[in-house]
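Structure first, commentary second.
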Amino acid sequence: MEQSIVLESGSGAPFDLDATLGCGQAFRWEKRDGTWHGIAGRHRIRIRQDNDLVRFDGADETFIRRYFALDLDLAGILSSIDRDPRIHAAIERCRGLRILRQEPFETLISYICSTNANIPVIKKRIALLAERYGDPLPGGGHAFPDASALAGCTEDDLRSCVLGYRAPYACATAAMCANNPEWAERVTALPYSDAKNVLMEFPGVGPKAADCILLFAFQRYEAFPVDVHIRRMMRRHYLNTAGGDGPMTCREYEAIAAFAREHFGPHAGWAQEYLFCVREDDRGDSGRG
DNA sequence: GCCCAGGATGACG
DNA sequence: CGTCATCATGGG
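Listed below in structure tokens is the structure:
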């Protein structure tokens with residue numbers, strides 16, 4: 001590792017590499033011997049952090065600063081969402097977690113793959129897609145396949161990457177993107193609500209996936225994805241709606257997200273990520289067998 | 001062997 | 001418009 005960034009010690013620019021890459025927003029990173037190995041864009045990156053020293057290789061400093069959003073005033077963002085004891089505790093625990101700037105198409109397909117699944121399985125799907133259909137990179141590994149590469153796959157091809165019933169969704173979405181390469185720019189140009197509706201036109205993308213894509217690939221920080229963990233937390237600790245554990249209705253999703261934007265402000269998405277990071281495995285009975 | 005997971009879809013009242 | 005079964009798959 002030849003390159004390095006020295007973080008300004010003190011307050012202004014907190015950065016926690018482990019929290020950032022371990023919180024489940026990106027699926028192509030792994031930590032071995034204190035060093036994170038991963039692929040972003042067409043870069044095969046190694047990166048590690050020792051206090052204020054970040055060492056890396058595989059990409060230049062400009063790319064690293066942009067991907068990890070090191071240009072943002074995180075201290076300012078965190079103080080803006082620090083509105084109650086619970087989010088305060090999450091901030092204390094995960095301070096330095098940053099929302100990445102990920103590739104739109106990769107994020108789109110990744111969150112189609114994420115529905116009704118858990119993180120290890122999602123990682124496996126993404127790894128298989130990249131390994132089989134992505135361009136090989138110097139030094140090993142593969143870039144995430146582009147839209148035309150995935151559009152050339154059959155549904156069975158994708159099923160064999162353990163996508164299950166999501167295979168036709170990913171196929172059709174890839175074809176739509178390949179036929180309309182401007183899709184991401186269109187999303188960028190639209191206000192939040194319209195951008196979300198455009199994303200939800202892709203098969204396999206509903207409200208939650210659309211919010212994840214807006215948050216992680218388009219820097220729409222008002223997006224507040226509500227998955228089962230966030231729903232449980234919000235109901236229990238913010239909304240006092242103890243009750244039925246049934247499926248979440250569209251109305252409940254909107255109510256939770258609207259409350260969050262009201263409560264946390266225009267950077268509610270950052271609050272979501274900090275809360276998700278400290279999610280408690282409180283399913284009551286935690287495993288047996 | 002069950003229940004659960006960064007849910008979305010289509011059918012049906 | 002609201003509700004509901006269904007959809008593959010691996011991990012606890």
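Position 201 (the first sequence) corresponds to 201 in the UniProt record's numbering; numbering is contiguous.
Ideal Cβ positions, reconstructed from N, Cα and C, are used throughout, including at glycine.
Report all residues from its chain with a CB closer than 7 Å to the CB of residue i; omit the five preceding and five following residues, and keep chain order.
{"i": "F56", "result": "M1, Q3, I45, R46, I47, I64"}
{"i": "R261", "result": "E222, F224, A268"}
{"i": "L163", "result": "C113, R125, A170"}
Buried or exposed: residue i, going by 16 or more other Cβ atoms within 10 Å of its Cβ?
{"i": "S114", "result": "buried"}
{"i": "A258", "result": "exposed"}
{"i": "V205", "result": "buried"}
{"i": "C161", "result": "buried"}
{"i": "G287", "result": "Confidence is the limiting factor: at G287 the pLDDT is only 38, short of 50, which leaves the residue's position unreliable, though a coordinate-based value still follows. Exposed is the call here."}
{"i": "L53", "result": "exposed"}
{"i": "V187", "result": "buried"}
{"i": "I87", "result": "buried"}
{"i": "A189", "result": "exposed"}
{"i": "G284", "result": "Low local confidence applies: a pLDDT of 46 at G284 is under 50, so the model's placement there is unreliable, with the coordinate-based value given in what follows. Counting Cβ neighbours within 10 Å, G284 comes out exposed, since fewer than 16 surround it."}
{"i": "Y274", "result": "buried"}
{"i": "G140", "result": "exposed"}
{"i": "V110", "result": "Checking the sequence shown, residue 110 turns out to be Ser, not Val. It counts as buried."}
{"i": "C250", "result": "exposed"}
{"i": "T107", "result": "buried"}
{"i": "Y133", "result": "buried"}
{"i": "T173", "result": "buried"}
{"i": "H237", "result": "exposed"}
Between the options, which lies nearest to residue i when the distance is taken from Cα to Cα?
{"i": "G152", "options": "G139, Y165, C177", "result": "C177"}
{"i": "P266", "options": "R232, P247, L215", "result": "L215"}
{"i": "L221", "options": "D211, E185, G246", "result": "According to the sequence shown, residue 221 is Tyr rather than Leu. If we check each option's Cα against that of Y221, D211 comes out closest."}
{"i": "G34", "options": "L17, G164, A40, H43", "result": "L17"}
{"i": "Q25", "options": "I99, G76, L275", "result": "I99"}
{"i": "R101", "options": "I109, Y67, Y111, G134", "result": "Y67"}
{"i": "I230", "options": "I213, M248, D73", "result": "M248"}
{"i": "A127", "options": "Q272, M200, E30", "result": "E30"}
{"i": "T154", "options": "A167, P225, A69, A59", "result": "A167"}
{"i": "L72", "options": "N179, P14, I256, R235", "result": "P14"}
{"i": "E61", "options": "E106, I5, P191", "result": "I5"}
{"i": "G76", "options": "D84, P85, G96", "result": "G96"}
{"i": "F27", "options": "I119, R83, D50", "result": "I119"}
{"i": "residue 369", "options": "A175, I213, E131, R236", "result": "Given that the chain is displayed from residue 1 to residue 289, the structure contains no residue 369 and the question cannot be resolved."}
{"i": "A149", "options": "I122, N179, E201, A69", "result": "N179"}
{"i": "S9", "options": "D50, A19, A89", "result": "D50"}
Quick one: grab the DSSP three-state call for residue i.
{"i": "T115", "result": "coil"}
{"i": "G284", "result": "Interpretation of G284 is limited by its pLDDT of 46, a score under 50 that renders its predicted location unreliable; the figure taken from the coordinates is listed afterwards. G284 falls in the coil class under three-state DSSP."}
{"i": "E182", "result": "coil"}
{"i": "I109", "result": "helix"}
{"i": "R98", "result": "coil"}
{"i": "P136", "result": "strand"}
{"i": "T241", "result": "coil"}
{"i": "D18", "result": "helix"}
{"i": "R83", "result": "coil"}
{"i": "E262", "result": "helix"}
{"i": "H142", "result": "strand"}
{"i": "V226", "result": "coil"}
{"i": "V121", "result": "helix"}
{"i": "V278", "result": "coil"}
{"i": "R220", "result": "coil"}
{"i": "S9", "result": "coil"}
{"i": "H88", "result": "helix"}
{"i": "P207", "result": "helix"}
{"i": "Q272", "result": "helix"}
{"i": "G76", "result": "helix"}
{"i": "L70", "result": "coil"}
If you follow the beta strand (DSSP E) that residue i is part of, which residue opens it and which one closes it?
{"i": "F56", "result": "53-57"}
{"i": "S4", "result": "3-6"}
{"i": "G38", "result": "35-40"}
{"i": "R46", "result": "43-50"}
{"i": "R32", "result": "29-32"}
Looking only at its chain, what residues have a beta carbon closer than 6 Å to the beta carbon of residue i, apart from the 5 residues adjacent to it on each side?
{"i": "L78", "result": "I91"}
{"i": "A184", "result": "P104"}
{"i": "R279", "result": "H229"}
{"i": "W36", "result": "L21, W29, I47"}
Tell me where the alpha helix (DSSP H) around residue i begins and ends.
{"i": "V198", "result": "192-199"}
{"i": "G152", "result": "From DSSP, G152 is part of no alpha helix (DSSP H); its letter is neither H nor E."}
{"i": "Y165", "result": "Counting along the chain, Y165 falls outside any alpha helix (DSSP H), and DSSP gives it neither H nor E."}
{"i": "Y67", "result": "61-67"}
Using C-beta distances below 8 Å, list every residue in its chain close to residue i, excluding the 5 sequence neighbours before and after it, in chain order.
{"i": "E103", "result": "A40, G41, F144, A217"}
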